[in-house]
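Just so you know, the protein sequences line up as chains L and R, in that order. Basically our numbering = 1-based index in the first sequence + 17. Basically our numbering = 1-based index in the second sequence + 17. Comments concern the structure below.
2 protein chains.
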Amino acid sequence: MVHRWRQTLIPTTREAPADAESPSHVLLSRAGFIRRLGSGIYDYLPLAWRTLRKVSQIVREEMDGAGAAELMLPAMLPIELYKDTKRDVDYGDLLFKVTDRKGAISALGPTHEEPITELVKGSITSYKQLPLSLYQVQTKFRDEARPRSGLLRCREFIMKDAYSFHTHVEGAGGLNEAYDAMFRAYNNVFKRCGLDFTAVEAESGPIGGSASHEFMVNAPSGEDTILKCPVSGYAANVEKCEIGDRPVEGGAFNSVPSGELTEVHTPGLPGIHEVGKFMKVKPERMLKTIVFRAVGTPALRDDGTSRSDAGTPEGIQWVLAVIRGDHEVNEGKVKSASGWKVELAPEKDARAAGFVIGYVSPKVIVGRTDFLMLVDPDVAGGGFWASGADKADHHVKHFNWKREVGAVLGDQRYVKLADIRNAAEGDPSPRTPGARLVTGRGIEVGHIFKLGTKYSDAMGFTILDEKQQKRGVIMGCYGIGVSRTMAASVEQNHDENGIIWPAAIAPYHVLITMMKAEDAAHMQAANTLAAGLADAGLDVLIDDRDERPGVKFKDADLIGIPVRLTIGDKALAEGGVEFKARRDPGKGEVVKLADAPAKCRALLG
Amino acid sequence: MVHRWRQTLIPTTREAPADAESPSHVLLSRAGFIRRLGSGIYDYLPLAWRTLRKVSQIVREEMDGAGAAELMLPAMLPIELYKDTKRDVDYGDLLFKVTDRKGAISALGPTHEEPITELVKGSITSYKQLPLSLYQVQTKFRDEARPRSGLLRCREFIMKDAYSFHTHVEGAGGLNEAYDAMFRAYNNVFKRCGLDFTAVEAESGPIGGSASHEFMVNAPSGEDTILKCPVSGYAANVEKCEIGDRPVEGGAFNSVPSGELTEVHTPGLPGIHEVGKFMKVKPERMLKTIVFRAVGTPALRDDGTSRSDAGTPEGIQWVLAVIRGDHEVNEGKVKSASGWKVELAPEKDARAAGFVIGYVSPKVIVGRTDFLMLVDPDVAGGGFWASGADKADHHVKHFNWKREVGAVLGDQRYVKLADIRNAAEGDPSPRTPGARLVTGRGIEVGHIFKLGTKYSDAMGFTILDEKQQKRGVIMGCYGIGVSRTMAASVEQNHDENGIIWPAAIAPYHVLITMMKAEDAAHMQAANTLAAGLADAGLDVLIDDRDERPGVKFKDADLIGIPVRLTIGDKALAEGGVEFKARRDPGKGEVVKLADAPAKCRALLG
């Protein structure tokens, strides 16, 4: 298809909006793809809309290929839908709400688990109608506290959301089969979009297990950290990433003291780095002891035991996590290692229970039984350690596990070595002994989940199986940020002059730049060329504006169409046109007019 | 493409929802196309979504053909956008509003004149960038007071809205050229959708002239009345329809009395029909005098004069419209005949000014000069007339114009014969002398307007022309109800068994019904057949459910796929399949499997 610049709206500008920092926000604005209408609310101009339609089309083809059927649910959802799942409360301010003329309240759909569950619940009557996968490509609404980075975090955005329904998990027709099909479809989508991406294991939230993956577009400007094992290909996000074995040199809690335990007065220092500087101790030789409160009833531990199974009558109230000063605690790992749901201890309660928050040391456990202490292997060895002193404005030097904490160290009911921190660059790979994890930055563009029966249980969606037994329906859900994918592509593919679109999602494949828009010979050449390109299945934009060539070339680089063909007197006199790939620096080459379509096709793949 | 019933969601039912009355609401619900989620809010299930996508695609192709570029504006529009046009107030309760976490208010777009004007205003700088036509296919939101008839009047719906921008009206690049292109595109859209429709002249609101057309799908269940001249092809909606010359027999206001003016006591009768019954007078022999209040300043009359031009110092305060008791007054015609903006007189004010509302007669004008009386030609002749008596609970018989109202009748400043009522079946055609208007019912699916500078003026959107003069930008706007078109098609195309889709917008072209879903030979035949049909460019649904044939046939009629191919033992033994067109009653015919695709293609056109 052929469009003309003057028949569409591409308001390129030299200046980016004042609030634009990320490359995609700057470039999509400057290149006339998007325009801010309100906080986190953007117009998609014709170029953006063409790219979004191409991304959507790829998504649709892959969803259809994964056996999902497309539908469209309303954006406006009666708030009563959320009654059973309580997400009206859980979402909080994130949920936009509308009150109608009769006082009825609707939410603007931030995602559609509830309405799709209500639809399928009301539509199917027999287990024979499962499995079923449904999807939509739809505008979603979320009242983000801090909309930013243009389309990367906005309040109205386009998302593909899919949902699958099953009677069982394993085998034909089960959740795992659909999940695997979606996993493959997602890989196909982002591959076909021309993106360099990583599928990472992710925390799945309330379901547990390895039942969630995120798809990350690799880009240095990404706000998420990805960890990869270059040998095994294992990849995970920072919340999820396991760390390989870390043997403790000399055995855990078994070293000789590095010196006398010495108290140091460290008044009013705001953080571990300031304290370390003051004490002349590096953060990696300091112990950070984080106090969590155990909430609810214990989940089973990995080994199937809970504290009470192990014969300890007293309940756990506190979970202490001890890690190196330069590491970050990982709440999901703490939860899974402790077997308890945990929350960061509220300061007031923790103080009342004897924890001097900000100055807690492992020594605080001596003489009490209401705790479980998790110790990261990196701090269980010997050598010099600094720590809090369990006393405001004081720290200690020469902390020694055996001397300070004593006999309880051997009791798995109270103290456990465990991986409880975020992985970092250089950590051992959890899959390949000897290999080391490397880190990268990514932008999350897709996320797939095994939901289990969370929603069907909450909404009373059961089905009779072949034995006439009621069963909870098992679900999966699968999201792709369509508008986010466009922005992520720009984050990954640009240079100082503008965007560089992958061919599959470029608004047009070829830009024909006319040096003289009003010249009859140029116009005829442009039209003939465009017709040939369109016949070759390419989408063509003709820059027919009455502007100087310099302006046109700058705009061409800015909007990032993969191929630019320039019609000028010199080449035209020889029956040629200048061919230039956007991704290649330097000057173009003259090709015969008749050869241009094949040359473009070859480059575009 | 080939889909399987069991892989999609088509929850057919025997019963329609309790509130469903219109055929499209009943059938789309029963056939599993839509499901009500809230008041005026519907899920589009996979079949509906396929039809909606096909309608949208036709719309897109025709919009592109008319030179418009597609984009997508947000649904959530900062309320400040409406400040200048005051439509936040004019829309009133129709506008859904959302308050965000910071207290900022947004409207959910009911249509997008303001944001598109704001976008184009902010994007173009030179008259050289005009004309420009832009469109989107988008979900719109309107808080209808009485959502009804399923998708025909709902609160969240899909609309194509286009807008054009110009520096001038006539000639190349002008509004009229774009309007005409849109008019042709609209005709193409509805023709391609396989609909029987009428393009009618419509009231254009604030702009005046003949600058608006509605596209009506002809259907007896339609809520709009269409009038057509079968000779000239003239068609208009009831608000707009002109009426041809109606000469007054014996001359206007010129007859001899039918008898003595006689007052009749008509206590507490609620309406003209009850009064007529009581007085034994048919409504068509009664005068209805409606009192309007003139508001604002006078517009120019058709002849270019206003009351003050005509030398009458006093202003008009009241416009009286006198029509036959069985006719309906037409406010637009009253406005245009009087040269004044008018509103129905508030009862309290009218009473204070001496109008006994409910009992007003033309006689009320005697002795006053603050009025203009418009008289419909149908009541200006002689014979018997009944009328109000300008006195509560009283009417008169034998009203005679000359006797009762007198000399002022000849003064065009005070009394004017004019077409001021809605046209009705049998009225003279305004285009062909001797021809009579016929009426029909229609469902409005498209509306195109010449807006002029209404929005650009309100929003301060001017542009410098080639002489560096500031000019208001001239706009047109063009809407198609996409979801309404689907429903209108069902209103027009159905029988007692279900929907009958036109091929172009059917969710699938061909339904393959397997008599035995589990039979390997049937399955193989179905697959081969489906592949052949898909190769012929047809969309195929295979009914692979384990259901009785009777259930499948009933469902096939209900969902209305144009062709049903039935795979059964008998035909299959002879290498055949039963072919049945949904629109043809009676039984199907057996065709060779290999001939089926060509036969389908031929029927589908």
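The C-beta atom is built at its ideal place from N, Cα and C for all residues, glycine as well. Treat the numbers as computed from the prediction; the structure is a model and nothing was measured.
Roughly how many angstroms lie between the CA atoms of Gly239 (chain R) and Ser166 (chain L), to the nearest whole one? 48 Å
How about Ile333 (chain L) and Asp387 (chain L): do their beta carbons lie closer than 8 Å? yes
CB contact check: Ile224 (chain R) to chain L, cutoff 8 Å: Unreliable positioning characterises Ile224 (chain R) in this predicted model, as indicated by a pLDDT of 47, which lies under 50. A coordinate reading is not provided.
To the nearest angstrom, report how far apart Trp22 (chain R) and Arg562 (chain R) are at their CA atoms. 7 Å
Given a cut-off of 8 Å, decide if Ile465 (chain R) and Tyr196 (chain R) are closer than it, judged by their beta-carbon atoms. yes
Exposure label - Met18 (chain L); buried when at least 16 CB within 10 Å: exposed
Tell whether a beta-carbon distance below 8 Å holds between Gly605 (chain R) and Ile517 (chain R). no
One or two residues paired with Phe158 (chain R) in a DSSP bridge: DSSP, once it has assigned bridges, lists R:Glu173 as partnering Phe158 (chain R).
Quick one: Cα of Asp213 (chain L) to Cα of Arg159 (chain R), how far? 42 Å
Could you confirm whether any beta carbon from chain R is found closer than 8 Å to the beta carbon of Leu26 (chain L)? yes
Any beta carbon of chain L sitting closer than 8 Å to that of Ser140 (chain R)? Yes, because at least one Cβ of chain L sits closer than 8 Å to the Cβ of Ser140 (chain R).
Any beta-carbon of chain L closer than 8 Å to the one on Gly477 (chain R)? no
Residues in the stretch 32-60 of chain L with C-beta within 8 Å of chain R's C-beta atoms, listed in sequence order? Gly49, Arg52, Leu54, Gly55, Ser56, Ile58, Tyr59 and Asp60
Who are the near neighbours of Thr30 (chain L) in its chain, counting only those whose CB is closer than 7 Å to its CB and skipping five residues on each side? Arg47
Could you spell out the range, first to last residue, of the beta strand (DSSP E) harbouring Gly554 (chain R)? Going by DSSP, Gly554 (chain R) is part of no beta strand (DSSP E) at all; its letter is neither H nor E.
At 7 Å on the CB atoms, spell out the chain L contacts of Ser166 (chain R), in chain order. Close to Ser166 (chain R), with beta-carbon spacing below 7 Å, lies no residue of chain L; the smallest spacing is near 17 Å.
Any chance the stretch 338-353 of chain L sits against the stretch 292-310 of chain L, with 3 or more Cβ pairs inside 8 Å? yes
Which runs of the alpha helix (DSSP H) spanning at least 4 residues fall entirely within the stretch 52-109 of chain L, listed in chain order? 63-82 and 104-108
If Val273 (chain L) sits next to Gly191 (chain L), beta carbons under 8 Å apart, how far is it from one beta carbon to the other, in whole angstroms? Between Gly191 (chain L) and Val273 (chain L) the Cβ distance is about 56 Å, and since that is not below 8 Å, they are no contact.
Residues of chain L with a CB under 8 Å from the CB of Val115 (chain R): which are they? Near Val115 (chain R) (Cβ distances below 8 Å), the residues of chain L are Phe113, Lys114, Val115 and Leu125.
Which value, in whole angstroms, describes the spacing of the CA atoms of Phe207 (chain L) and Ser378 (chain L)? 47 Å
Tell me the DSSP secondary structure of Ala198 (chain R) in three-state form. helix
Within 10 Å of its beta-carbon, does Ala538 (chain L) have 16 or more other beta-carbons around it, so buried, or fewer, so exposed? exposed
How about Val383 (chain R) and Gly423 (chain R): do their beta carbons lie closer than 8 Å? yes
Decide if Gly57 (chain L) is buried, meaning its Cβ has at least 16 other Cβ atoms within 10 Å, or exposed. buried
Once you ignore the five residues that flank Ala611 (chain L) on each side, which residues in its own chain have a CB closer than 6 Å to its CB? none
Beta-carbon separation (whole angstroms), Met492 (chain L) vs Tyr180 (chain L), contact threshold 8 Å: 6 Å
Work out the CA separation of Glu194 (chain L) and Arg201 (chain L) for me, nearest whole Å. 11 Å
Taking the alpha-carbon positions, what's the Thr322 (chain L) to Leu125 (chain L) distance? Residue placement at Thr322 (chain L) is flagged as unreliable, the pLDDT there being 49, under the threshold of 50; a coordinate-derived value is accordingly withheld.
For the stretch 554-601 of chain R, which segments carrying the beta strand (DSSP E) assignment without a break, of at least 3 residues, lie completely within its bounds, in sequence order? Within the stretch 554-601 of chain R, complete beta strand (DSSP E) segments of at least 3 residues are found at 557-560, 580-584 and 593-598, given in chain order.
Distance check for Arg170 (chain L) and Arg118 (chain R), CA to CA, integer angstroms please. 16 Å
What does Gln153 (chain L) pair with, by DSSP beta-bridge criteria? L:Asp178
Excluding the 5 residues flanking Val462 (chain R) on each side, which residues of the same chain have their C-beta closer than 6 Å to its C-beta? Closer than 6 Å at Cβ, skipping near neighbours: Phe232, Val234, Gly498, Arg501, Thr502 and Ala505.
Residue environment, Val248 (chain L), which counts as buried when at least 16 other CB atoms sit within 10 Å: exposed
Less than 8 Å between the C-beta atoms of Tyr144 (chain L) and Glu421 (chain L), yes or no? In this structure, Glu421 (chain L) does not lie closer than 8 Å to Tyr144 (chain L) by Cβ.
Chain R partners of Arg118 (chain L), CB-CB under 8 Å? Asp110, Asp160 and Ala162
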